[in-house]
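Numbering (the working numbering), first residue to last: 121 to 380.
In structure tokens form, the structure reads like this:
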């Protein structure tokens, strides 16, 4: 049983170009994310999957400086990018964590991965997004390599190929899938947005990183962020207009993916 964590990252972004390399507390966001992902107990191998576009060369250079593996693939076909990393690393499962989640909690990664590893022979897909109850920005999806092969072979919708996993989570009758809810039993997905899509998101995440790194170090946890935001409501208000938005809301059949 082997798995690889893949962080898809590129500099082309219509809403916030170059967002993965924007600075916070003296480091680019992608470096903060890599520190956090590699701190997960189950993070045995981490690969950044960027593109063949020449403008993504700075991502390659950052990975080289941090001694992180880097793969370059199709700019828009993230499904193929994830599959090719899985093949190259001979992984039996690929863990997808998008680069717009720079303050993902290492504990969230371990919880979702542990749920998959405990029943790997019985499951094709495990995530914490269907339904999403975690604070948005702690996105973790684990895809068995056979399911990834099937999706890459059969998916023709550009949406499915760009977002990697919709072909799988919209077919619960075909793929054996499970969802990992947040342990509190509460739903923070609409009240907390820690994803970086728009400039306002970056302002919030940068504020969180700079405040918590000073007192907690770079590996602060989810509860630290919640506590800070409860004390700093002005940070919470920065991206209030974007709360509840997710690429999944653009998918008409997303409701089919309410997994147990």
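Where is the CB? At the ideal position from N, CA and C, for every residue including glycine.
Between the segment 302-310 and the segment 240-259, can you find at least three pairs of beta-carbon atoms closer than 8 Å? yes
Runs of beta strand (DSSP E) wholly within the segment 229-283 (minimum 3 residues, chain order): 245-247, 261-264
Distance, residue 261 Cα to residue 285 Cα: For the purposes of this step, residue 285 is identified with residue 165 of the chain shown, where counting begins at 1. For the purposes of this step, residue 261 is identified with residue 141 of the chain shown, where counting begins at 1. Spanning the two alpha carbons is a distance of roughly 8 Å.
Determine, for residue 320, whether the minimum Cβ-Cβ distance to residues of chain C falls below 8 Å. As a matter of chain content, chain C is missing from the structure shown, which is built from one protein chain.
Distance check for residue 316 and residue 361, CA to CA, integer angstroms please. On the chain shown, residue 361 is found 241 positions in, with the first residue counted as 1. On the chain shown, residue 316 is found 196 positions in, with the first residue counted as 1. Taking the straight line from one Cα to the other gives about 13 Å.
How should residue 279 be labelled, buried or exposed, when 16 other C-beta atoms within 10 angstroms of its C-beta is the threshold for buried? For the purposes of this step, residue 279 is taken as residue 159 along the chain shown, with counting starting at 1. Looking at its Cβ environment, which holds fewer than 16 other Cβ atoms inside 10 Å, residue 279 is exposed.
Residue 202 and residue 228 - do their beta-carbons sit closer together than 8 Å? To locate residue 228, count along the chain shown from 1; it is residue 108. To locate residue 202, count along the chain shown from 1; it is residue 82. Contact flag unset, no.
With distances taken Cα to Cα, identify the nearest neighbour of residue 379 among 187, 245, 158, 129. Position 259 of the chain shown, counting from 1, holds the residue named residue 379. Cα-wise, what sits closest to residue 379 is 245.
Flag this pair as yes or no: are the beta carbons of residue 154 and residue 139 separated by less than 8 Å? Within the chain shown, the letter at position 34 stands for residue 154. Within the chain shown, the letter at position 19 stands for residue 139. Against a cut-off of 8 Å, the Cβ pair of residue 139 and residue 154 comes out as no contact.
Is residue 341 near residue 230, with beta carbons less than 8 Å apart? Working through the chain shown from its first residue, we reach residue 341 at position 221. Working through the chain shown from its first residue, we reach residue 230 at position 110. It is not a contact, given that the beta carbons lie outside the stated cut-off.
Environment of residue 321 [buried if 16+ CB atoms lie within 10 Å]: One-based indexing of the chain shown puts residue 321 at position 201. Result: buried.
Beta-carbon proximity list for residue 266, same chain, < 8 Å, skipping 5 on both sides: For the purposes of this step, residue 266 is identified with residue 146 of the chain shown, where counting begins at 1. Result list for residue 266: 244, in chain order.
Can you tell me the Cα-Cα spacing of residue 178 and residue 241, whole angstroms? In the chain shown, residue 178 corresponds to position 58, counting from 1. In the chain shown, residue 241 corresponds to position 121, counting from 1. Those two C-alpha atoms are separated by around 39 Å.
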